[in-house]
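In the numbering used here, the protein residues as written are 276 to 360.
Beneath this line is the structure, given in structure tokens, with notes to follow.
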Amino acid sequence: MEELIQQLKSQIIEVLNLEDFKPEDIDNDAPLFGEGLGLDSIDALELIVMMEKNYGIKIKDPSAGKEIFKSISTMAEFVEKNRTK
């Protein structure tokens, strides 16, 4: 799981062009939206595309994204359970 968490952090930094961040700067349980990384709805769409491309996961219900993308930890748990790649 730790390897997946590090992988997700690196992918988020790359996909969202968060040049000022390193994976170790992102707390596993910090909110990704709002206070934490300060991501917005456009970023959420990019994360959905990233999940589909890298893990074969389709998120059909956009409202489910709110729970999935709560933090790196919640994303990792979701990927672990649902990945097809």
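Ideal Cβ positions, reconstructed from N, Cα and C, are used throughout, including at glycine.
query: Residue range of the alpha helix (DSSP H) that includes Lys-356; result: 347-357
query: Whole-angstrom distance between Thr-349 and Glu-321, CA atom to CA atom; result: 17 Å
query: Where Val-354 falls, given that 16 or more other Cβ within 10 Å makes a residue buried; result: buried
query: Three-way DSSP call (helix, strand, coil) for Leu-220 in this model; result: Here the chain has residues from 276 to 360 only, and residue 220 is not among them.
query: Cβ-Cβ separation, Ser-346 to Pro-306 (assumed contact under 8 Å), whole Å; result: 6 Å
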